[in-house]
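Student: Structure incoming, see below.
Numbering (our numbering), first residue to last: 1032 to 1162.
Structure follows, in structure tokens:
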């Protein structure tokens, strides 16, 4: 599980860095601020993916939790981190939406499906009764 955690952290941080650094929607004053913000977003994606896989066995439920969490983390990082600022406009909103969807898809793709025996006991009982 640690391998998947670090893989999600690294991939999502690099994608966030490239997206923020290469587009004009979130201007950042310093390179260090860009790296720190991308690292915080990558860490949040890895933690959200880990927790979502532990508490929610359905794929769409996990994706919804991850998407909401990443949107919150990304906008708050841009709001509170010194040097970051969001340029107002429709392009920024579309950019952040697409970035959150991309990070959610990467998180879902990089974490493996939880095995059947890792479900909560109440879920195992309900599956056994239906068979």
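The C-beta atom is built at its ideal place from N, Cα and C for all residues, glycine as well.
Values in this document were obtained by computation on a predicted structure and should not be read as measured data.
#1: Counting Cβ pairs closer than 8 Å, one from the segment 1121-1130 and one from the segment 1047-1059, do we hit at least three?
#2: Could you check the C-alpha separation between residue 1105 and residue 1121 for me, to the nearest Å?
#3: Looking at the strands, I want to know which residues DSSP matches up with residue 1115.
#4: Since residue 1068 and residue 1112 should fall inside the 8 Å C-beta cutoff, what is the C-beta to C-beta distance between them, to a whole number of angstroms?
#5: Any idea what DSSP makes of residue 1108, helix, strand or coil?
#6: Given residue 1136, which residues of its chain have a CB within under 7 Å of its CB, disregarding the five upstream and five downstream residues?
#7: Take residue 1037 and list the residues in its own chain whose beta-carbon comes closer than 8 Å to its own, dropping the five residues that flank it on each side.
Tutor: Looking at the atomic coordinates:
#1: Result yes; three or more Cβ-Cβ pairs closer than 8 Å.
#2: Stepping through the chain shown from its first residue, residue 1105 is reached at position 74. Stepping through the chain shown from its first residue, residue 1121 is reached at position 90. For residue 1105 and residue 1121, the distance between alpha carbons rounds to 17 Å.
#3: For the purposes of this step, residue 1115 is identified with residue 84 of the chain shown, where counting begins at 1. Residue 1115 is bridged by DSSP to 1059.
#4: Within the chain shown, residue 1068 is the residue found at index 37, counting from 1. Within the chain shown, residue 1112 is the residue found at index 81, counting from 1. Yes, they are in contact, since the Cβ atoms of residue 1068 and residue 1112 sit about 5 Å apart, within 8 Å.
#5: On the chain shown, residue 1108 is found 77 positions in, with the first residue counted as 1. Helix, per DSSP.
#6: Position 105 of the chain shown, counted from the start, is the residue given in the question as residue 1136. The beta carbon of residue 1136 is closer than 7 Å to none in its chain, skipping five residues each way along the sequence.
#7: Numbered from 1 along the chain shown, position 6 holds the residue referred to as residue 1037. For residue 1037, the CB contacts under 8 Å within the same chain, skipping 5 residues up- and downstream, are 1077 in chain order.
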